[in-house]
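Colleague:
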Amino acid sequence: MNNTVRVIAVHAKNGVIPLTVLKQKNYPIFRYFLKNYRKVLRLLSENGIQVLNDLTTLNHTSKLKRYLLYYYGTTIDLSLIRQSDRTVYNYLIMKGKPEVRLNDLGFEVIYQHKGSEGYIIKELYRLADKDGNIYSIADAKFYSKLYYRAKKQDLNVKQYINTLGFTYNHTDINEVKKLLKDGLSFSEISRTMNVPRSTLHRLYLQEVSNGIQSGNVERQKKGKEPSN
Numbered sequence: 012m013n014n015t016v017r018v019i020a021v022h023a024k025n026g027v028i029p030l031t032v033l034k035q036k037n038y039p040i041f042r043y044f045l046k047n048y049r050k051v052l053r054l055l056s057e058n059g060i061q062v063l064n065d066l067t068t069l070n071h072t073s074k075l076k077r078y079l080l081y082y083y084g085t086t087i088d089l090s091l092i093r094q095s096d097r098t099v100y101n102y103l104i105m106k107g108k109p110e111v112r113l114n115d116l117g118f119e120v121i122y123q124h125k126g127s128e129g130y131i132i133k134e135l136y137r138l139a140d141k142d143g144n145i146y147s148i149a150d151a152k153f154y155s156k157l158y159y160r161a162k163k164q165d166l167n168v169k170q171y172i173n174t175l176g177f178t179y180n181h182t183d184i185n186e187v188k189k190l191l192k193d194g195l196s197f198s199e200i201s202r203t204m205n206v207p208r209s210t211l212h213r214l215y216l217q218e219v220s221n222g223i224q225s226g227n228v229e230r231q232k233k234g235k236e237p238s239n
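Note that the working numbering has the sequence shown beginning at 12, numbered continuously upward.
1. Between which residues of its own chain and residue 124 is the CB-CB distance below 6 Å, once the five residues before and five after are set aside?
2. Return the CA-CA distance between residue 47 and residue 40, expressed in angstroms with no decimal places.
3. So, with DSSP's three-state summary, where would you put residue 63?
4. Under the DSSP definition of a beta bridge, which residues are partnered with residue 144?
5. Less than 8 Å between the C-beta atoms of residue 175 and residue 121, yes or no?
6. Can residue 187 and residue 200 be called in contact, C-beta distance under 8 Å?
7. So, for residue 93: in the same chain, excluding its five sequence neighbours on each side, which residues have a beta-carbon less than 6 Å away from its beta-carbon?
8. Going by the DSSP bridge assignment, what does residue 86 pair with across the sheet?
9. Going by CA-CA distance only, name the one from 33, 139 and 34 that's closest to residue 110.
10. When you compare only the Cα positions, how much space is there between residue 75 and residue 57?
11. Can you list, in chain order, the residues of its chain with a C-beta nearer than 8 Å to that of residue 102? Leave out the 5 residues immediately preceding and following it.
12. Straight-line CA distance for residue 28 to residue 86?
13. Which partner residues of residue 111 appear in the DSSP bridge assignment?
14. From residue 177 to residue 145, what does the alpha carbon distance come to, in whole angstroms?
15. Of the choices 24, 160, 52 and 91, whose alpha-carbon is the least far from that of residue 77?
16. According to DSSP, which residues form a beta bridge with residue 29?
17. Classify residue 62 as buried or exposed, calling it buried when 16 or more other Cβ atoms lie within 10 Å of its own Cβ.
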């Protein structure tokens, strides 16, 4: 093995050496590498070492794969990437579901316990269609987990789900009101729309409250109108 390659290999991990790491760990070798780029690149390749040029954007498939290999290995917890590498996570969701993208790149995706964000992402995958759209969340306990996490980030459930790379097309309250008018109970509507009864009831009460407030405003406006 060439001496230069041997020095660089010390700083490689999972068969990858990022240029930012090499620059930080051994600046003279970094400078030598840049001046003799093709030669050193060939020698590294012959010894099973890939170079990650992370001096510029990572928004390229080969760069992204090498970055993930170096920092995470072949088994990746998706929630960890979202929490600690938001830019990389955003690159993943730009082309569809992150889990599918990672699998296509050759990585295994794992999830933590049920209270973790990794578990939540896994469940959202299960509920979403091929385009990442979610139309209903029937599991009240799971909805509560979403609500709790959203509230901690000062978001509503729809906004929180959107930050995870999905689109939540939540229940249309007008459809709920129509079914109530048709004589269906909240339990029957819950089964029909595949939405938790508690969610339907909450949406309905919110709608009623908004209607009352709107009516009060209108009455106040009329009360202020001058009489003829």
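We put the CB at the ideal spot given by N, CA and C, even for glycine.
Modeller: Short version:
1. As a position in the sequence shown, residue 124 is number 113, starting the count at 1. Summary for residue 124: the model assigns pLDDT 49, below 50, so the residue's position carries little reliability, and this model does not support an answer.
2. Within the sequence shown, the letter at position 36 stands for residue 47. Within the sequence shown, the letter at position 29 stands for residue 40. C-alpha separation (whole angstroms): 10 Å.
3. On the sequence shown, residue 63 is found 52 positions in, with the first residue counted as 1. Judged by DSSP in its simplified three-state form, residue 63 adopts strand.
4. The residue you call residue 144 lines up with position 133 of the sequence shown. Note: residue 144 sits in a beta bridge opposite 178.
5. Here residue 175 refers to the residue found at position 164 of the sequence shown. Here residue 121 refers to the residue found at position 110 of the sequence shown. Against a cut-off of 8 Å, the Cβ pair of residue 121 and residue 175 comes out as no contact.
6. Walking along the sequence shown from the start, residue 187 turns up at place 176. Walking along the sequence shown from the start, residue 200 turns up at place 189. Yes, they are a contact pair.
7. Start at 1 with the first residue of the sequence shown, and residue 93 comes out as number 82. Within the same chain, 100 come within 6 Å of residue 93 by CB-CB distance, once the 5 residues on both sides are set aside.
8. In the sequence shown, residue 86 corresponds to position 75, counting from 1. Beta-bridge pairing by DSSP links residue 86 to 119.
9. If you number the sequence shown from 1, residue 110 lands on position 99. Answer by Cα proximity: 139.
10. Position 64 of the sequence shown, counted from the start, is the residue given in the question as residue 75. Position 46 of the sequence shown, counted from the start, is the residue given in the question as residue 57. CA-to-CA, the gap between residue 75 and residue 57 works out to about 21 Å.
11. What you label residue 102 is simply residue 91 of the sequence shown in a count that begins at 1. Apart from sequence neighbours up to five positions away, the residues of its chain that approach residue 102 with a beta-carbon distance below 8 Å are 69, 70 and 75, ordered along the chain.
12. Numbered from 1 along the sequence shown, position 17 holds the residue referred to as residue 28. Numbered from 1 along the sequence shown, position 75 holds the residue referred to as residue 86. For residue 28 and residue 86, the distance between alpha carbons rounds to 18 Å.
13. Within the sequence shown, numbered from 1, the residue matching residue 111 stands at position 100. Per DSSP, none; premise fails for residue 111.
14. As a first step, residue 177 must be located in the sequence shown, where it is residue number 166. As a first step, residue 145 must be located in the sequence shown, where it is residue number 134. Pairing residue 177 with residue 145, the inter-Cα distance amounts to about 7 Å.
15. Here residue 77 is taken as the residue at index 66 of the sequence shown, counted from 1. Checked all of 24, 160, 52 and 91; the closest Cα to residue 77 is 24.
16. Mapped onto the sequence shown, residue 29 falls at position 18. According to DSSP, which records beta bridges pairwise, residue 29 is partnered with 63.
17. The residue given as residue 62 occupies position 51 in the sequence shown. Buried is the label assigned to residue 62, since at least 16 other Cβ atoms lie within 10 Å of its Cβ.
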